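Notes for the one structure printed next.
In our numbering, the protein residues as written are 82 to 448.
Following this line, the structure appears as C-alpha cells:
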C-alpha cells in the first residue's frame, strides 16, 4: 500500500480488520467482529525519560483500545468471540490466574455480547491488583470456579468443558493461538500505516510482555510480512516452561500456516530479518511474583499512562523496556503497552463474593 493510500488516522470502530485490506480473501475466510477503537495512538514516552535514560522512546497505546477494558486481548477477541458466535456457542470457558487480565477481558466482553462466561482460576501471589481483579470479575456476573494448583485447575476445567460440551467455547490461557494471533498481525499493519503517515519512525525494536507469547509472535510475523528488520523483545512474565524461544517459534509458524492457508500462500519477503529476542531477566520467580525492580517501576507506569502499574505485567515490562534502552543505543524503540488503563468500578460487596474467594481478602499482601 502506498503512502497516498494509507487510511485516515481518526480513531473509531473499524468496519473490517486491517488485515483484510492487505489480504481481501480473509474477508470470508476468518471470523471477525469489531470491538477495538483503532488505530490506537503512538506517542513518545516523555513522562518517563529520566527512568529510561532516553527521551526518544515511543509507545503504542493499546491500553486505551476499548472504552470498557483495554489491553492486548481486545484484538484477539475480535476473532475469538466471532468464532464462538459462528459456532453457536452459548458459554465461554476460560482459565487464568487470580489476577489474569485475559480472564477479566473474557468476562467483560463475553457478557457484553450475550455469552455466559465461566472462568477457572489458579493460584498466584496475592496482590492488591489480584483482589481488584477478583471483585471486577465477580461484579460482571461471570461464574468463577477456583482451581488452585495448575493440576487441579486442569481437572476442574476438563470437567466443566465436558459438562458444557454442547454449548461451550474454550478460550485458552492468554487467549493465544493461530486465529487469535491474527489480531496482532493486523496490528503490525496498523502500525505501518502510522509510520507511513509520519506519526513515528519505523521501530527497530518493539518491547512487549510475553505471558503466552501470542502478541510477540504475531508482531514478529507481521513485521516479517511488512519486510521490516525489527527485533521483538519479548519480556517474559510467566514461567519459562510455557514461554520461551521454542514456544514462541511454534506460535509464529502455526499462525503463519493458518494465515497462508486462508489466502492461498504468503508472499516471500527474503529481505526481512524480523526476529524475537527473549528477555528472561525480569520474571523473577515466575507469574505474579513481585520483584524489587517491578515494584519500583509501578509508579513509572502511572506516570506514563495515567493508571496504576502492577507487578504481574506492566511493572516487569517497564523493567524490560529500560533494559532494551541500554541494549539498543541509537535504535528506535517502541513499547507496545498491553495493560488496560481503563478499569470498571467493582459493584459487588466482599460478603457477596463466593466464600472460596473471600479468603483471598484476608491476611497480608505480597504488594
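C-beta: ideal position from N, C-alpha, C; glycine also.
Keep in mind it's a predicted model, so treat the numbers as computed, not measured.
C-beta atoms of residue i and residue j nearer than 8 Å
i	j	result
residue 313	residue 331	no
residue 417	residue 241	no
residue 178	residue 369	yes
residue 221	residue 173	no
residue 190	residue 114	no
Own chain, CB closer than 7 Å to residue i, minus 5 neighbours either side, in chain order
i	result
residue 227	202, 437 and 438
residue 376	392, 396 and 448
residue 310	353, 354 and 355
residue 100	107, 263, 266, 267 and 270
residue 164	112 and 260
Option in the options with minimal Cα separation from residue i
i	options	result
residue 336	255, 399 and 264	264
residue 302	322, 269 and 130	269
residue 408	343, 373 and 285	285
residue 298	262, 182 and 279	262
residue 256	156, 97 and 341	156
residue 133	435, 121 and 414	414
residue 112	121, 158, 197 and 95	158
residue 282	441, 138 and 440	138
residue 211	194, 181, 278 and 232	181
Residue i, buried or exposed, once every other Cβ within 10 Å from all chains shown has been counted against 16
i	result
residue 135	buried
residue 431	exposed
residue 168	exposed
residue 360	buried
residue 401	buried
residue 433	exposed
residue 127	exposed
residue 230	exposed
residue 321	exposed
residue 444	exposed
residue 153	buried
residue 318	buried
residue 175	buried
Which residues DSSP lists as bridging residue i, in chain order
i	result
residue 142	418
residue 224	199
residue 212	For residue 212, which the question treats as bridged, DSSP gives no partner whatsoever.
residue 458	Here the chain has residues from 82 to 448 only, and residue 458 is not among them.
residue 93	119
residue 101	DSSP output for residue 101 lists no bridge partner at all.
Contacts around residue i, its chain only, beta-carbon distance under 6 Å, and the 5 residues preceding and following it disregarded
i	result
residue 82	Caution is warranted here: a pLDDT of 43 is assigned to residue 82, below 50, making its placement in the model unreliable, and the coordinate value is therefore given only provisionally. Excluding positions up to five away in sequence, the list is empty.
residue 280	123
residue 427	216, 217 and 220
Contact set for residue i: own chain, Cβ-Cβ below 8 Å, skip 5 residues either direction
i	result
residue 207	179, 441, 444, 446 and 447
residue 148	118 and 423
residue 85	The pLDDT assigned to residue 85 is 38, lower than 50, so where the model puts this residue is not dependable; a value taken from the coordinates is nonetheless given after this. Nothing meets the Cβ criterion.
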